[in-house]
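What follows is a set of notes on a single structure, which appears directly below.
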Amino acid sequence: MRSGFTFRGKHSDRYGAVVKTRSRPVRPEVKTSITDAFAADGSYNFSDSNPYGRFFYNDRIFELELRMGADNLRELELKVSKAARWLMGRGELIFDDMPAVKWEAAALSEIGFMPELTGHKAVITAVFRVKPFSKCIFDTMRGIVIGTDCMLQSPIPLDVKEYFTFECEPGTINRFTVDNIGTWYLRPLIRVVSREALGTVMIGINGGLMKISDVNANELVIDCEKQTVTDGNGNNLVGYTEGDFFELPNDAPSEMRVIVNKNAVVTVEYEPVCVYNFDFKEWGVYDA
């Protein structure tokens, strides 16, 4: 297996680089909010005092070392120049030893350049600032794309979409179980589609409830990550919406309740979010 990485769609092999990881933290740092108590021992920690009742986390810093070689100093400098141009801006970062997940990364730090052995070799350092959690390279609607790197005999279902698509009937409370197959909290996109104008739609997940009234369209899109509600044409429906957006916990299945006026199909769409890597063997009820 290669031990390099892909950034902005280009692999480190393209630049003749041998990659060594200097630092790749396996968990992010908590965002802390601590206040000292003047007339009491200790302090008060408000880090989880938010509507979600949990900690939130800072970006991570990944530091990589790239070793490059050339026949002479001029060729070496040209090769390093191309690599430096590649290691700029932001994009998806995927490591060869973690091919199932991607990191949203920005190469913002200075790149160090140290020529060695009379200009025939060099070591450059690349530092990435990445989002606190990785996301899988697949989602619940497309499933595992052919060609995805994964372990042999991994229990991958043939149709992931099937487990996140639910048919709803009018005049009743439709109840479903929604799983978070990642290893961290996530905020899904919920899509409701009917052959007729939907009218009023009510959706509850765990203890939360959202009501969208007078939907004069046959498609409703609730994006809990971006906190937007639109119809299928992108028209804003937030003014017709009551309630809060949803978050799926990673430690237990979620109960979803849906009330519709028309026959409809509901899909729960997301890219699994991971603390670090994704293990295909931990799919539970999705074992194929």
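Per my numbering, the sequence shown starts with residue 2, numbered consecutively. Backbone N, C-alpha and C define an ideal beta-carbon position, used for all residues, glycine too.
#1: Per DSSP, L249 forms a beta bridge with which residues?
#2: Answer with buried or exposed for N181, where buried requires no fewer than 16 other C-beta atoms within 10 angstroms of its C-beta.
#3: Suppose you measure from the CA of F6 to the CA of Y241; what does that come to, to the nearest Å?
#4: For F129 and A106, I'd like the C-alpha separation in whole angstroms.
#5: Assess, as a yes-or-no matter, whether the region 176-195 is touched by the region 266-285 under the definition of 3 or more beta carbon pairs within less than 8 Å.
#6: Expressed to the nearest angstrom, what Euclidean distance is found between the alpha-carbon atoms of T231 and I223?
#7: Taking the beta carbon of G10 as the centre, do at least 16 other beta carbons fall within 10 Å, making it buried, or is it exposed?
#8: Please say whether V194 and N219 have beta carbons closer to each other than 8 Å?
#9: For V239, does the count of other Cβ atoms within 10 angstroms reach 16, so buried, or fall short, so exposed?
#10: Strictly by DSSP, which residues pair up with W104?
#11: Can you look up F134 in the DSSP assignment and give me helix, strand or coil?
#12: Checking 8 Å against the spacing of the C-beta atoms, do F247 and G209 come in under that value?
#13: Measure the alpha-carbon distance for L65 versus A127 and round it to whole angstroms.
#14: How should V27 be labelled, buried or exposed, when 16 other C-beta atoms within 10 angstroms of its C-beta is the threshold for buried?
#15: For I260 versus M203, is the C-beta distance shorter than 8 Å?
#16: Pick from G70, F96, R55 and A40: whose alpha carbon is nearest that of S4?
#17: Of the residues R23, L221 and K136, which one's Cα is nearest the Cα of L199?
#18: Quick test of your reading: F56 and S48, contact by CB under 8 Å. State the CB separation rounded to the nearest angstrom.
#19: S214: which of G233, V19 and T201 sits nearest, CA to CA?
Let me spell this out:
#1: L187
#2: buried
#3: Those two C-alpha atoms are separated by around 45 Å.
#4: If you draw a straight line from the Cα of F129 to the Cα of A106, it comes to about 6 Å.
#5: yes
#6: 7 Å
#7: exposed
#8: Yes, the pair counts as a contact, with Cβ atoms nearer than the cut-off.
#9: exposed
#10: L94
#11: coil
#12: yes
#13: For L65 and A127, the distance between alpha carbons rounds to 5 Å.
#14: exposed
#15: Contact: yes.
#16: F96
#17: L221
#18: 5 Å
#19: Selected option, being the one with the closest Cα: T201.
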